[in-house]
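*Asks:* Sequence lines, in order, name chains A and B.
Counting along the first sequence from 1, when you hit position 39 you're at 255 in this note's numbering, and nothing is skipped either side.
Counting along the second sequence from 1, when you hit position 306 you're at 309 in this note's numbering, and nothing is skipped either side.
One structure coming up, written as structure tokens, with questions to follow.
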Amino acid sequence: MLNASARKRGVPLIAMWSVLVPLLNLFVHWRIFIFLRDSALHPVVYAILAILWGVGGVYLIYWSLNWVIEQYSNTWRRRIQPFLFIGPAIGLLGWLLLIPTIRTLVMSFQDENSDKFVGLANYVAVFTNRILLTALRNNLLWVVFGATACIVLGLLIAVLADRSSFERLAKVIIFMPMAISMVAAGVIWKFIYYYQPGDDQIGLLNAIVVSFGGEPQAWTTMTQPWNNLFLIAILIWMQTGFAMVILSAALKGVPEEILEAARMDGAGEFRIFFRIIIPFIATTLLSVTTTIIVFTLKIFDVVMVMTGGQYDTEVVATQFYRQFFMFQNNGYGSTLAIVLLIAVIPVIVFNLRQMRRQGEI
Amino acid sequence: MKRRTRRIGSKSIVNITLAIICLIWLVPTVGLLVSSFRPASDILKSGWWTVVPHRGNLTKEQIQLPKDTDLQQQIEVKGTLYTDEQLRAGIKAPDGSRLIWENRRARLINVQEPGWTMSKNFTLDNYEGVLTGKTYELKQPDGSVKKEKGSDLSRAFLNTLVVSIPATLIPILIATFAAYAFAWLKFPLRKTLFVIVIMLLVVPLQVALIPISKDYAALGLNGEFLGIWIAHAGFGLPLATYFMYSYISQLPKDLFESAFMDGATNFTIFTRLIVPLAVPSIASISIFQFLWVWNDYLVSLIFLGGQEDVQVLSMKIANLAGSRGDAWHLLTAASFISMLMPLAVFFGLQRYFVRGLMGGSVKG
Chain A
217 MLNASARKRG VPLIAMWSVL VPLLNLFVHW RIFIFLRDSA LHPVVYAILA ILWGVGGVYL
277 IYWSLNWVIE QYSNTWRRRI QPFLFIGPAI GLLGWLLLIP TIRTLVMSFQ DENSDKFVGL
337 ANYVAVFTNR ILLTALRNNL LWVVFGATAC IVLGLLIAVL ADRSSFERLA KVIIFMPMAI
397 SMVAAGVIWK FIYYYQPGDD QIGLLNAIVV SFGGEPQAWT TMTQPWNNLF LIAILIWMQT
457 GFAMVILSAA LKGVPEEILE AARMDGAGEF RIFFRIIIPF IATTLLSVTT TIIVFTLKIF
517 DVVMVMTGGQ YDTEVVATQF YRQFFMFQNN GYGSTLAIVL LIAVIPVIVF NLRQMRRQGE
577 I
Chain B
4 MKRRTRRIGS KSIVNITLAI ICLIWLVPTV GLLVSSFRPA SDILKSGWWT VVPHRGNLTK
64 EQIQLPKDTD LQQQIEVKGT LYTDEQLRAG IKAPDGSRLI WENRRARLIN VQEPGWTMSK
124 NFTLDNYEGV LTGKTYELKQ PDGSVKKEKG SDLSRAFLNT LVVSIPATLI PILIATFAAY
184 AFAWLKFPLR KTLFVIVIML LVVPLQVALI PISKDYAALG LNGEFLGIWI AHAGFGLPLA
244 TYFMYSYISQ LPKDLFESAF MDGATNFTIF TRLIVPLAVP SIASISIFQF LWVWNDYLVS
304 LIFLGGQEDV QVLSMKIANL AGSRGDAWHL LTAASFISML MPLAVFFGLQ RYFVRGLMGG
364 SVKG
């Protein structure tokens with residue numbers, strides 16, 4: 217059949233292509249990289265070239281390697297082609313996520329220069345050092361207050377929106393902060409919390425406080441650890457929309473007949489909500505909660521922009537950054553990263569279970 | 004009938020509550036937007052909400068007291084005696100007007116009357132200063148003029164595009180290939196590899212950053228666009244693969260069988276059949292990945308750094324917020340520029356955006 221032509225070309229030729237094409241790819245792309253790195257092009261020209269190369273280059277790699285594989289006999293093609301399709305993905309995942317995770321785990325048992333093993337010393341430090349403990353405590357605050365508020369508010373707004381006359385508009389407004397960066401959100405809220413002495417306040421929160429006769433406060437630096445709550449408010453502002461959109465979709469899935477039947481039996485709205493609606497959307501509620509918790513555990517940008525981790529607002533991710541990139545302490549840095557990883561392991565297990573149940577794996 | 008009125012009553016309570024919540028949600032962004040159009044001196048002098056007409060005190064005339072007026076003594080203004088304290092806080096004169104110091108040291112007093120007022124000064128100077136990096140003149144609250152250097156955001160904007168476009172398209176392309184293989188091709192370890200992809204979905208980036216930055220240092224990729232494309236591609240892959248898999252694996256089997264009958268190879272099936280069919284899914288996940296990269300701060304902070312020629316918007320703004328936290332005229336305009344792209348995507352492609360986000364929320 218088809219492979220007849222392939223067989224005719226002969227094994228040596230195919231072998232040559234199999235070696236030559238990958239090498240050619242490597243060479244061409246390396247040359248382009250060096251050229252772009254060292255040339256002093258106008259930024260716009262550079263940008264266009266870079267985009268063309270970045271996108272076109274990857275496709276050409278697939279295309280050329282596939283061309284080589286199509287020269288093979290049918291049996292070999294069927295064996296090798298899947299690896300062309302998943303190869304780059306597995307390669308990148310292995311290099312950038314899987315192997316680094318193992319390397320980080322090893323480093324967490326080594327000293328600051330990753331020279332010799334120190335056993336559990338880094339872990340002991342993380343759970344005894346005051347600054348590192350503060351980071352852990354703050355992460356806990358973020359998860360407890362931030363995630364809870366997002367879910368409760370998200371659910372409340374979803375229920376309200378469902379019964380209101382402007383559902384779409386309300387959803388757009390609540391959801392919009394999700395689109396913007398945490399850095400921009402940080403600036404927005406820094407402006408709201410802005411403090412200057414005296415009665416003329418340009419920060420909204422202090423202006424409100426002053427208009428009620430209160431004393432203006434430096435919100436993000438005052439009474440620790442409660443200043444963390446003002447940073448957490450930013451997360452709530454950003455993530456409630458996410459919880460709302462997903463919970464709202466789940467709410468609409470509750471069959472109307474069940475609700476009507478309950479109303480006929482004289483059940484009040486609150487009773488219906490807690491006894492019927494909540495159990496009905498429990499799975500969605502759980503998955504939204506895990507998602508927001510994972511997001512909250514890794515919180516970084518907001519803290520960096522708002523306080524830079526000062527005034528006892530440090531969290532694990534900011535400490536990680538500081539330990540590794542400023543103090544060059546691989547040991548502490550890795551250990552903090554592993555602490556984050558351990559915190560999300562239940563979520564990983566949960567995800568795998570969900571997928572097994574859906575028959576995807 | 005009774006039941007119906009109760010329903011209407013509760014509906015208006017719902018509407019009002021929701022409206023208040025929406026207002027709270029909207030106000031922060033509005034404040035930023037309004038401020039970005041106000042002159043620098045105004046931003047520091049009065050709150051942005053003063054652009055809304057409100058009851059305030061309008062200065063009708065000014066009274067210049069003798070320069071040697073003793074502030075320790077009672078001060079005579081228009082025949083009535085006041086203390087310095089009263090004039091500082093503002094005090095009602097017998098004719099109903101309000102007296103308050105305009106400039107205590109110059110002994111200048113404002114005579115004010117209540118009335119409707121609003122702050123009406125708007126300018127594009129902030130955007131000009133932020134976009135061109137040119138030096139421009141700033142009017143200080145005391146009337147003097149200060150020269151200040153803007154901050155060149157146009158380069159950062161361009162850099163963000165250069166980072167975002169390949170860092171979106173590369174992982175999506177790779178992930179779509181992989182998703183096709185996971186869904187429809189047979190190969191050893193298929194299940195194991197897929198479980199690994201699922202496990203990597205929520206792994207925090209932090210566990211990978213230290214080893215990768217060591218590798219990058221060895222390869223000379225730190226501070227290079229190529230480096231950050233690869234990093235974003237790797238971090239975006241688990242999600243993109245999973246997202247594309249859930250679509251591609253749902254396609255009907257007959258589709259592939261008839262294509263194979265016609266002698267199509269996997270590669271042509273993929274490029275001619277699967278990709279066109281999957282366009283809506285590709286769009287959703289691309290939008291999610293694009294915004295993720297556009298808004299990213301951590302990855303660019305570590306792999307790209309703050310060099311002027313590669314710096315992205317989020318880095319630039321975070322630095323500005325750190326070094327010039329009071330320069331609200333620059334910060335507000337810069338933040339708004341960085342928000343333009345996400346907001347355009349949000350309002351323009353809302354359906355894809357929401358779908359991508361719902362599928363993509365688990366990203367590590």
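Note that CB positions come from ideal geometry on N, CA and C, so glycine has one too.
None of the values given here were measured: they were computed from a predicted structure.
Applying a beta-carbon distance threshold of less than 9 Å, which residues of chain C neighbour B/V315?
*Replies:* The chain inventory of the structure shown lacks chain C, comprising the protein chains A and B.
*Asks:* Counting contacts by CB-CB distance shorter than 8 Å, is B/I46 in contact with chain A?
*Replies:* yes
*Asks:* Give the DSSP-derived three-state secondary structure of B/I23 in the structure shown.
*Replies:* helix
*Asks:* Closer than 8 Å between beta carbons: that is the criterion. Which residues of the region 66–86 of chain B meet it against chain A?
*Replies:* Sequence-ordered contacts of the region 66–86 of chain B with chain A are nonexistent [C-beta pairs closer than 8 Å].
*Asks:* So, using beta-carbon positions, are B/A170 and B/V54 closer together than 8 Å?
*Replies:* no
*Asks:* What number of angstroms, rounded off, separates the C-alpha of B/A22 from the C-alpha of A/A401?
*Replies:* Cα to Cα, the separation comes out at about 22 Å.
*Asks:* What does a CB cutoff of less than 7 Å around A/A363 pick up in its chain, not counting 5 residues either side in sequence?
*Replies:* T505, I508, I509 and T512
*Asks:* With a Cβ-Cβ cutoff of 8 Å, do B/I215 and A/P441 count as a contact?
*Replies:* No; because the gap between Cβ atoms is not below 8 Å, this pair is not in contact.
*Asks:* Can you confirm whether the region 301–318 of chain B touches the region 270–284 of chain B when touching is taken to mean that 3 or more C-beta pairs between the two stretches lie within less than 8 Å?
*Replies:* no
*Asks:* Are any of the Cβ atoms in chain A nearer than 8 Å to that of B/I199?
*Replies:* yes
*Asks:* For A/N443, does the count of other Cβ atoms within 10 angstroms reach 16, so buried, or fall short, so exposed?
*Replies:* buried
*Asks:* Based on the DSSP output, what are the partners of B/Q77 in its beta bridges?
*Replies:* B/Q77 pairs with nothing; no bridge assigned.
*Asks:* How would you label B/M342, buried or exposed, when you count the other beta carbons within 10 angstroms and need 16 or more for buried?
*Replies:* buried
*Asks:* Listing by chain order, which chain A residues have their CB less than 7 Å from the CB of B/I168?
*Replies:* Simply I267.
*Asks:* Checking contacts by CB at 8 Å: is A/D517 closer than that to chain B?
*Replies:* yes
*Asks:* Report the three-state DSSP secondary structure of B/K189 (helix, strand or coil).
*Replies:* coil
*Asks:* By DSSP's criteria, B/Q65 is part of a beta bridge. Which residues make up the other side?
*Replies:* B/N113
*Asks:* Kindly list, in the order they appear in chain B, the residues whose Cβ is closer than 7 Å to that of A/V521.
*Replies:* A321 and A324
*Asks:* Please tell me whether A/L463 and A/T500 are closer than 8 Å, where the distance is taken between their beta carbons.
*Replies:* yes
*Asks:* Of all the residues that make up the region 253–264 of chain A, which are near chain B by a beta-carbon distance shorter than 8 Å?
*Replies:* Taking 8 Å as the Cβ-Cβ cut-off against chain B, the residues of the region 253–264 of chain A that qualify are R253, P259, V260, Y262 and A263.
*Asks:* For the candidate residues B/E131, B/V206, B/G266 and B/Q75, whose alpha-carbon lies nearest to that of B/D155?
*Replies:* The closest CA to that of B/D155, considering only B/E131, B/V206, B/G266 and B/Q75, is found on B/E131.
*Asks:* Alpha carbon to alpha carbon, how far is A/F325 from A/V334? Give it in angstroms, no decimals.
*Replies:* 6 Å
*Asks:* Below 7 Å on C-beta distance, what does A/N282 contact in chain B?
*Replies:* F270
*Asks:* By the criterion of Cβ-Cβ separation under 8 Å, what are the contact partners of A/T436 in chain B?
*Replies:* Ordered by position in chain B, no residue passes the 8 Å Cβ test against A/T436, which lies about 11 Å from the chain.
*Asks:* Going by CA-CA distance only, name the one from B/L176, B/V200, B/P207 and B/S157 that's closest to B/Q292.
*Replies:* B/L176
*Asks:* Which of the three DSSP states is assigned to B/W119 in this structure?
*Replies:* strand
*Asks:* So, helix, strand or coil for B/E105, using DSSP?
*Replies:* strand
*Asks:* Helix, strand or coil for B/K319, going by three-state DSSP, please let me know.
*Replies:* In the structure shown, the three-state DSSP call for B/K319 is helix.
*Asks:* At the level of alpha carbons, what is the spacing between B/I66 and B/P42?
*Replies:* 28 Å
*Asks:* From the beta carbon of B/G230, is the nearest beta carbon of chain A less than 8 Å away?
*Replies:* Among the CB atoms of chain A, none fall inside 8 Å of the CB of B/G230.
*Asks:* Bridge partners for B/Y85 per DSSP, in chain order?
*Replies:* B/Y85 is bridged by DSSP to B/I78.
*Asks:* For B/K95, does the three-state DSSP call read helix, strand or coil?
*Replies:* Strand.
*Asks:* Should A/S255 and A/N546 be called a contact, given that it needs their Cβ atoms to be closer than 8 Å?
*Replies:* no
*Asks:* Assign A/W246 to one of two classes, buried (16 or more other C-beta atoms within 10 Å of its C-beta) or exposed (fewer than that).
*Replies:* exposed
*Asks:* In chain order, what residues of the same chain have a beta carbon less than 7 Å from the beta carbon of A/W283, not counting five sequence neighbours either side?
*Replies:* Nothing listed; no residue qualifies.
*Asks:* Do the CB positions of A/K387 and B/P207 come within less than 8 Å of each other?
*Replies:* no
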